[in-house]
Amino acid sequence: MNIVLLGPPGAGKGTQARVLVEKRGMLQLSTGDMLRAARHSGSAMGKKVADVMDRGELVTDEIVIGLIDEALDGAAAQGGVIFDGFPRTLPQADALAALLRKKGTDLHFAIELRVDDEALIDRITGRFTCGNCGEVYHDRTRPTKAEGVCDICGSTDLRRRADDTEESLRQRLWEYYKKTAPLSGYYHALGKLKVVDGLAPMAEVEAALAAILDVD
Ligand code: ADP
Ligand code: AMP
-3 MNIVLLGPPG AGKGTQARVL VEKRGMLQLS TGDMLRAARH SGSAMGKKVA DVMDRGELVT
57 DEIVIGLIDE ALDGAAAQGG VIFDGFPRTL PQADALAALL RKKGTDLHFA IELRVDDEAL
117 IDRITGRFTC GNCGEVYHDR TRPTKAEGVC DICGSTDLRR RADDTEESLR QRLWEYYKKT
177 APLSGYYHAL GKLKVVDGLA PMAEVEAALA AILDVD
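Numbering-wise (the working numbering), the sequence shown opens with residue -3 and increments by one.
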């Protein structure tokens, strides 16, 4: 089963994607993670997108569609693919449909994690992740058990994202409402949209996603 996780920055897409990877053997494809990896590797593409990302704007459709195309080529996930942070524009959504068709498969659901803007400031400014295994934490709602140490892998490389500031969030939300929110209507028209309350505690969001995925 292939799914898209929709929702503004901080909605909980990455958090829930990791659960689905662990519990269902799905493959998480996060364009944000891919772009950050390109930045850290110092590649020409990474350098090109760095400023755009820090400002909270979207990188070009061409770049992210290329990343997903490449990732899907090598993908052999038993449990299907979770698209996290992609698509973010209507041309990206059309491109995804075409790429999946080319692979002889389809998108089953687009699941929107619905939240309100107020909650997002706290979610984003409190977020940190493990640089080694990618586990997502929050200062208040999901702190590490031991201060400064990842619960999962024991790494002390805990990082905050350069774009996780109130100022960048404002721009990211603007981009979201202008370019990504119309995808709810797009997937609704295709009969694929499911909406989940993203403000609920993590375990409840997890259960709501499981209820959707277990129907099929
Ligand atoms: P996204 O991938 O949509 O940008 P994340 O999964 O990184 O969002 O979550 C953003 C922040 O909110 C993280 O710090 C995460 O620990 C926290 N978070 C995620 N889901 C919930 C939830 N249901 N309740 C409270 N905090 C959450
Ligand atoms: P994320 O990790 O999903 O919050 O993405 C971080 C940043 O990467 C975004 O603010 C954009 O600059 C860029 N980005 C990630 N995915 C996409 C996408 N599908 N289209 C355009 N830009 C993206």
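All C-beta atoms in this analysis are idealised placements derived from N, C-alpha and C, irrespective of residue type, glycine included.
Helix, strand or coil for residue i, going by three-state DSSP, please let me know.
i      : result
LYS43  : helix
ALA71  : coil
LYS99  : coil
THR85  : coil
HIS134 : strand
LYS9   : helix
ASP112 : coil
VAL55  : coil
VAL60  : helix
LYS19  : helix
LYS190 : strand
GLN140 : Here residue 140 turns out to be Thr, not Gln, going by the sequence shown. Residue state, collapsed to three classes: coil.
With burial defined as no fewer than 16 other Cβ atoms inside 10 Å of the residue's Cβ, what is the status of residue i: buried or exposed?
i      : result
SER164 : buried
CYS146 : buried
PRO4   : buried
LYS98  : exposed
ALA106 : buried
ALA34  : buried
TYR173 : exposed
ASP210 : exposed
GLY10  : buried
ASP160 : buried
GLY8   : buried
Out of the options, which has the shortest C-alpha to C-alpha gap to residue i?
i      : options                           : result
GLN74  : ARG123, ASN(-2), GLY28 and ASP118 : ASN(-2)
LEU109 : GLY21, ALA196, LEU63 and ASP210   : ALA196
ALA91  : GLY81, VAL55, VAL60 and ARG35     : VAL60
GLU202 : LYS175, GLN12, GLU58 and GLY52    : GLN12
GLY6   : ARG20, VAL111, HIS36 and LYS44    : VAL111
MET198 : ARG119, GLY187 and LYS190         : ARG119
ASN128 : GLY8, SER151, ILE117 and LYS141   : SER151
GLU114 : SER39, GLU162, GLY38 and ASP57    : GLU162
ALA94  : ARG155, ILE117, GLY144 and GLY62  : GLY62
Please list, in chain order, all residues of the same chain as residue i whose beta carbon is under 8 Å from its beta carbon, the five residues on each side excluded.
i      : result
GLY122 : HIS134, ASP135, ARG136 and THR137
LEU25  : ILE64, ALA67, LEU68, ALA71, VAL77, ILE78, PHE79, ASP80 and PHE82
ASP57  : THR85, PRO87, GLN88 and ALA91
THR140 : TYR133, CYS146, ASP147 and LEU154
Does the Cβ of residue i lie closer than 8 Å to at least one heavy atom of the ligand GTP?
i     : result
MET49 : Of the ligands this structure carries, namely the ligand ADP and the ligand AMP, none is the ligand GTP.
Which residues in the same chain have their Cβ closer than 7 Å to the Cβ of residue i, if we skip the five residues on either side of it in sequence?
i      : result
LEU96  : ASN(-2), ASP102 and LEU103
TYR183 : ALA106 and LEU189
ARG53  : Sequence inspection shows Glu at residue 53; the Arg mentioned does not correspond to that position. Answer for GLU53: GLN167 and GLU171, listed in chain order.
Short of 6 Å in beta carbon distance, which residues of its chain neighbour residue i, apart from the five on each side in sequence? Order them along the chain.
i      : result
ALA158 : ASP50
VAL55  : VAL45 and VAL48
MET41  : ALA34
Check the Cβ-Cβ distances between residue i and every residue of chain D, and say whether any is below 9 Å.
i     : result
LEU92 : In summary, chain D is missing from the structure at hand, where a single protein chain is found.
**OP:** Check whether the region 83 to 92 touches the region 177 to 186, counting contact only when three or more Cβ pairs, one atom from each stretch, lie closer than 8 Å.
**Re:** For the pair of segments examined, the region 83 to 92 was found to touch the region 177 to 186: the number of CB pairs separated by less than 8 Å reaches three.
Original post:
Do the region 11 to 31 and the region 195 to 208 meet, that is, are 3 or more Cβ pairs less than 8 Å apart?
Top reply: Cβ pair count under 8 Å is three or more, so yes.
**OP:** Mind the definition here: the region 54 to 69 touches the region 28 to 46 only if three or more C-beta pairs lie below 8 Å; say whether that holds.
**Re:** Touching, per the Cβ criterion.
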